[in-house]
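The structure appears below as structure tokens.
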Amino acid sequence: MTSVLESLAPGMPIPYGGDRITIVSEALAAKFAPGDRLIVVQASGELLHVPAVVHGAVQTAMDKATTAFAELNRLGDNAITAFFDAFAERLSDEAIWAEITRANDEDVARARARGASVTRLRATNAMRADMIAGLGAWRDAPPGRGRVAERVDHEGWSVETVTAPLGVIGFVFEGRPNVLADAAGVLRGGNSVVFRIGADALRTAQAMMRAALQPALAEAGLPAGAAVLIESAEHAAGWALFANNGLSLAVARGSGRAVAQLGAVARQAGTPVSLHGTGGAWLLADESAEAARFHDAVRHSLDRKVCNTLNVCCIPRERARELIPRFLEGLAEAGAARGVGVKLHATAEALEHLPPDWREGVSHVRRADGDHEEALTEPIDRADLGREWEWEESPEVSLEIVDDLNEAIGLFNALSPRFVASVMATDPAVHERAFATLDAAFIGDGMTRWVDGQYAFGRPELGLAGWQNGRLFARAGVLGGDGVFTLKTRMRQEKVGLKR
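Just so you know, we're using this note's numbering here: the sequence shown kicks off at 7 and counts up by one.
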């Protein structure tokens, strides 16, 4: 026997996880109304409230995208190519870009008033250039559907495995306007997409949809539902989208906790997920590390805060006297280049190796809510090395001293998000051993900031996947528009009377 949930009562027990119970709060009970939805996160017991109006907006967006997906299957790849060309041309138009930046100025002002970070929110000319270049890359990319991935010939018949569109892609991402253009890459493979962007960048995204993306779809003859923005600032819109079983793939980018929560919602709805949340790169020095190269890697891995920025540095005890000064120089230079002070977190042993001015000094740290005078170096427990420092302007990083590279690799595998590792060594055999034993999606031997779809591979990315929630199944860590596909198998029979 089933019925519709129309109300909640304070103290009402809600079972989750098969053998646990969570309790409805007074605040949730007061907000819940007939027509609303309640999502029970089975992994944590969190109760997520989705108002009826938000659920309706998401369902409307999904309906449009589902209809558009069917229409895209009937259209040729030339129309999709024309869309990317038209989208790029509109972003290149000064009047259109001015409209987008006016909306972005409003978003930035509101974010600053709340003391929120605006580093990734600003729609700069550099961001604009990257979006235009990325759309050009998708325009010039080969079609993403109909490619024969495998063929097996038999006597009188053959079997082909052919790439095909995946379906409706749900995309929830933080306040970075450029991601909207990046995510449009899924259209290259004949997919449709539903976006939900963070409240900080919603006005910018609305302006970009209104002035550039939607007109480009119309100009190319593609259905308007091929790319739909959910025009809601509520977190519930993301929950409702990922709980919708009409999605073929759920992609989330943002803070670690929010992304993990969204992933849990999608998984229990039976939807495959691609999560891009916790970041932070590790730099692991071997006893054979070249000091100048090590310094260069530190300096150029701290130019700005993104997911591939240096977060933890491990130095072998045997080389501490030589490499710690080079590490500190690189960190200080990165701060000076931004005109700000820096922040260091050091374990107990690392503190002992620091000079007095670093142990006892004060730094002027610029955070999202303004400038602060803080201790230049603060202690950190080894168990907390996995914490990602979300700095605004002042480079912030952790330092640890290890016995050797093997211990550093063990720490990385145990404590990091298993995302980006850079190994500083001169012995090729050391690099080969490290590559084999590091449980990381991305491994290099220099700066960590190379980990980027467009920078490294010339293709805009939907996200960079770490191995924090397990290794990826037969898929690279860079998720791009050309990586969102499924496979169809086709049989061709030439011989009449074929039978088993």
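Backbone N, C-alpha and C fix where the C-beta goes; we use that ideal spot for every residue, glycine too.
Note down, in chain order, each residue of its chain lying with its Cβ closer than 6 Å to the Cβ of residue i, except the 5 sequence neighbours on either side.
i: Cys-320; result: Leu-290, Glu-406, Val-408 and Ala-414
i: Glu-77; result: Pro-229
i: Arg-145; result: Thr-87, Phe-90 and Asp-91
i: Ala-109; result: Arg-209, Thr-210 and Ala-213
i: Ala-440; result: Val-429
i: Glu-166; result: Val-154, Arg-157 and Arg-496
i: Pro-40; result: Glu-12
i: Glu-112; result: Arg-209
i: Lys-70; result: Gly-231 and Val-234
i: Val-436; result: Asp-292
With a threshold of 16 other CB atoms inside 10 Å of the CB of residue i, please say whether the residue is buried or exposed.
i: Gly-345; result: exposed
i: Ile-45; result: buried
i: Asp-188; result: buried
i: Asn-251; result: exposed
i: Glu-402; result: buried
i: Asn-131; result: exposed
i: Leu-493; result: exposed
i: Trp-163; result: exposed
i: Ala-135; result: exposed
i: Asp-488; result: buried
i: Ile-330; result: buried
i: Lys-311; result: buried
i: Ala-420; result: exposed
i: Val-502; result: exposed
i: Ile-236; result: buried
i: Val-265; result: buried
i: Asn-184; result: buried
i: Asp-42; result: buried
i: His-55; result: buried
i: Ala-389; result: exposed
Which whole-angstrom value describes the C-beta separation of residue i and residue j, a residue pair presumed to lie in contact below a C-beta threshold of 8 Å?
i: Thr-383; j: Leu-350; result: 4 Å
i: Pro-322; j: Asp-451; result: Rounded, the Cβ-Cβ distance is 16 Å, inconsistent with contact.
i: Ile-106; j: Ala-222; result: Ile-106 to Ala-222, Cβ: 13 Å. No contact.
i: Ser-294; j: Thr-432; result: 5 Å
In chain order, what residues of the same chain have a beta carbon less than 8 Å from the beta carbon of residue i, not counting five sequence neighbours either side?
i: Ala-381; result: Gly-367, Val-368 and Ser-369
i: Ala-224; result: Ala-230
i: Ile-102; result: Arg-96, Ala-217 and Ala-218
i: Ser-280; result: Leu-255, Ala-256, Val-257, Ala-258, Leu-468, Gly-469, Ala-471 and Leu-485
i: Ala-326; result: His-359 and Ile-407
According to the Cβ coordinates, are residue i and residue j closer than 7 Å?
i: Leu-219; j: Ala-239; result: no
i: Leu-470; j: His-282; result: yes
i: Ala-374; j: Ser-123; result: yes
i: Ser-254; j: Val-158; result: no
i: Gly-227; j: Asp-206; result: no
i: Phe-491; j: Thr-169; result: yes
i: Ala-243; j: Val-60; result: yes
i: Pro-16; j: Ile-27; result: no
i: Ala-340; j: Leu-391; result: no
i: Ala-246; j: Val-178; result: no
i: Val-484; j: Glu-500; result: no
i: Ala-94; j: Gly-152; result: no
i: Ala-114; j: Arg-126; result: According to the sequence displayed, residue 114 carries Val and not Ala. No.
i: Ser-400; j: Arg-372; result: yes
i: Ala-67; j: Val-200; result: yes
Return the residue from the list the options that minimises the CA-CA distance to residue i.
i: Ala-352; options: Val-318, Asp-375, Val-158 and Leu-329; result: Val-318
i: Arg-202; options: His-241, His-301 and Ala-213; result: His-241
i: Ser-198; options: Pro-183, Gln-460, Gly-176 and Gly-181; result: Gly-176
i: Ala-92; options: Met-215, Leu-337 and Gly-244; result: Met-215
i: Trp-288; options: Met-18, Ala-447 and Pro-57; result: Ala-447
i: Ala-256; options: Gly-347, Val-114 and Gly-276; result: Gly-276
i: Arg-116; options: Gly-204, Val-265 and Leu-504; result: Gly-204
i: Gly-260; options: Ile-138, Ser-254 and Gly-269; result: Gly-269
i: Ile-386; options: Trp-395, Gln-499 and Ala-354; result: Ala-354
i: Phe-75; options: Glu-32, Gln-65, Gly-152 and Gly-195; result: Gly-195
i: Leu-455; options: Trp-245, Asp-302 and Ile-236; result: A small fix is needed here, since residue 455 is Arg in this sequence, not Leu. Ranking Trp-245, Asp-302 and Ile-236 by Cα distance to Arg-455 puts Asp-302 first.
i: Gly-509; options: Ser-50, Phe-418, Glu-324 and Glu-398; result: The question about residue 509 has no answer here: the residues shown for the chain are numbered 7 through 506.
i: Phe-333; options: Asp-99, Ala-297 and Val-312; result: Ala-297
i: Arg-393; options: Arg-120, Ala-326, Asn-184 and Arg-263; result: Arg-263
i: Ala-33; options: Asp-42, Leu-14 and Asn-419; result: Leu-14
i: Leu-504; options: Glu-161, Gly-152 and Lys-70; result: Glu-161
i: Gly-416; options: Ala-442, Glu-396, Ala-35 and Ser-400; result: Ala-442
i: Gly-140; options: Asn-412, Asp-458 and Gln-274; result: Asp-458
i: Glu-172; options: Leu-337, Asn-79 and Asp-445; result: According to the sequence as given, residue 172 is Leu; it is not Glu. Here the closest residue by C-alpha is Asn-79.
i: Val-304; options: Ala-85, Ala-427, Ala-119 and Ala-63; result: Ala-427
i: Ile-29; options: Met-133, Glu-335, Val-10 and Ser-50; result: Ser-50
i: Gly-529; options: Val-47, Arg-498 and Glu-328; result: Past the boundaries of the shown model lies residue 529; the chain is included only from 7 to 506, so the question cannot be answered.
i: Ser-98; options: Asp-83, Gln-65 and Met-137; result: Met-137
i: Leu-81; options: Asp-377, Phe-38, Pro-149 and Pro-278; result: Pro-149
i: Arg-118; options: Thr-8, Gln-65, Gly-376 and Arg-365; result: Gly-376
i: Glu-438; options: Asn-412, Tyr-461, Ala-338 and Ala-104; result: Asn-412
Leaving out the 5 sequence neighbours to the left and right, which residues in its chain are closer than 7 Å to residue i when beta-carbon positions are compared?
i: Gln-274; result: Gln-48
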